[in-house]
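Position 12 of the sequence shown, counted from 1, bears residue number 28 in our numbering, the numbering being contiguous throughout.
Built from N, CA and C at the ideal position, the CB exists for glycine as well.
Note that the coordinates shown come from a computational prediction; the quantities given were computed from them, not determined experimentally.
Data block below; observations after.
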Amino acid sequence: MAGMYEHQFYLLSNLQYWHENSQRYMEMALVFLNDGMNEEGLSFAVMAVEDMLRAFYIKFNGSLLYTQASYENLIMNVRLYGKMDLDTELFLYDLLLFASNYDSLGSILPTG
């Protein structure tokens, strides 16, 4: 019986870790974006979303991720549980695409 509670505590502590990590990344994203450092801000925003999706994975599945799940697989996991609408899903994919291709988009982006 103690093993079950230890496992539950381990899951909850991991859930809390990913959630808090996501919050810290988002705070950093805002600092960079407010200072006109858009590329860095977008990178931190993507990391924040990815860590929050990891927290959702633990919450919905009751287990940890033991492999490096892709951003797309993490989004798909949340969608499978009906916890994400299409607009949110498309926004998250756009964020990833935008951050991944920032250099090629640099000529059309406003500067600080």
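> DSSP on Met-17, reduced to helix/strand/coil?
Replying inline: As a first step, residue 17 must be located in the sequence shown, where it is residue number 1. Residue confidence for Met-17 is low, a pLDDT of 47 falling below 50, so the modelled location carries little weight and cannot support an answer.
> Three-state secondary structure (DSSP) at Met-100?
Replying inline: As a first step, residue 100 must be located in the sequence shown, where it is residue number 84. If DSSP states are grouped into helix, strand and coil, Met-100 belongs with coil.
> According to the neighbour-count rule (16 or more other Cβ atoms, all chains shown, within 10 Å of its Cβ), is Asp-67 buried or exposed?
Replying inline: On the sequence shown, position 51 is the one that residue 67 refers to. With 16 or more Cβ atoms within 10 Å of its Cβ, Asp-67 is classed as buried.
> Of the choices Glu-43, Gly-52, Tyr-73 and Gly-78, whose alpha-carbon is the least far from that of Ala-1?
Replying inline: Coverage of the chain is limited to positions 17 through 128, which leaves residue 1 absent and any answer about it impossible.
> Which of helix, strand or coil does DSSP assign to Leu-81?
Replying inline: Here residue 81 refers to the residue found at position 65 of the sequence shown. In this structure, Leu-81 counts as coil in the three-state DSSP scheme.
> Going by beta carbon distance, what residues of the same chain come within less than 7 Å of Leu-111, once the five residues before and after it are set aside?
Replying inline: As a working mapping, residue 111 is identified with position 95 in the sequence shown. Closer than 7 Å at Cβ, skipping near neighbours: Ala-61, Val-62 and Val-65.
>> Rounded to the nearest angstrom, what separates Gly-98 and Ile-74 at their Cα positions?
In response: Looking up residue 98 in the sequence shown gives position 82. Looking up residue 74 in the sequence shown gives position 58. Whole-angstrom Cα-Cα distance: 15 Å.
> From Gln-24 to Tyr-82, what distance separates their C-alpha atoms?
Replying inline: Locating residue 24 in the sequence shown gives position 8, where the first residue counts as 1. Locating residue 82 in the sequence shown gives position 66, where the first residue counts as 1. Rounded to the nearest angstrom, the two C-alpha atoms are 16 Å apart.
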